[in-house]
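Q: The structure that follows is given in the form of structure tokens.
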Amino acid sequence: MNDVLAIQQAATSDDEIAVLASAVTDYQEKLRDAKGYPRINALQQDLQATRQRLAVLFGERHGWHLSRSDFSPSVLARRGLFNGRGYHVDPWPHSLVDHGYFYRKDRKAAAVAAHL
2 MNDVLAIQQA ATSDDEIAVL ASAVTDYQEK LRDAKGYPRI NALQQDLQAT RQRLAVLFGE
62 RHGWHLSRSD FSPSVLARRG LFNGRGYHVD PWPHSLVDHG YFYRKDRKAA AVAAHL
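Last residue of the sequence shown: 117 in my numbering, with the numbers rising by one and none dropped.
Given below as structure tokens:
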């Protein structure tokens, strides 16, 4: 019975991912044509919420949790918690990580996903 539940959850998750990915494209198109601050702001918020949900689903597929804080490459390399100074001593290059999503497993740095 657990296998059936897992398959149903995966199917729902796959369907949700497809709908959310389509919504991202729709929001981007609407933003290109939008006029007026209230409309643009609302679309940007909807786009951000949709991307956030996709990021959460991506992490769940790998057993990771979306982190509330960023971490540096050295923290990820040693699967640490933080760099000990409370700020990034060695920041990610902007050309490599733009709009990064930082993931943790058991509170330790696990992965970084980014829009390239």
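Using N, Cα and C, we set each Cβ at its ideal position, and we do this for glycine too.
CB Ala114 to CB Phe59, shorter than 8 angstroms?
A: Yes, Cβ-Cβ distance for Ala114 and Phe59 is below 8 angstroms.
Q: Given 8 angstroms as the limit, is there contact between the segment 68-83 and the segment 95-109, that is, 3 or more CB pairs closer than that?
A: yes
Q: For the segment 28-69, which segments carrying the beta strand (DSSP E) assignment without a break, of at least 3 residues, lie completely within its bounds, in sequence order?
A: Fully enclosed beta strand (DSSP E) runs of 3 or longer: not present.
Q: Indicate the three-state DSSP secondary structure (helix, strand or coil) for Asp16 in the structure shown.
A: helix
Q: Whole angstroms is fine: what's the gap from Thr51's alpha carbon to Leu21's?
A: 6 angstroms
Q: Hey, quick one: how far does the alpha helix (DSSP H) through Val76 stretch, first residue to last?
A: Run containing Val76: 74-78, per the alpha helix (DSSP H) assignment.
Q: Which same chain residues end up closer than 6 angstroms to Gln45 when comparing Cβ atoms and leaving out the 5 residues on each side of it in sequence?
A: There are no such residues.
Q: What is the rounded straight-line gap between the Cα of Met2 and the Cα of Ser14?
A: Unreliable placement is indicated for Met2, whose pLDDT of 44 sits below 50; no coordinate value is reported for it.
Q: Going along the chain, which residues of its own chain have a beta-carbon closer than 8 angstroms to the beta-carbon of Leu48, five neighbours each way excluded?
A: Val25, Tyr28, Gln29, Leu32
Q: For Trp65, which of Leu117, Arg108, Asn84, Arg54 has the nearest alpha-carbon?
A: Arg108
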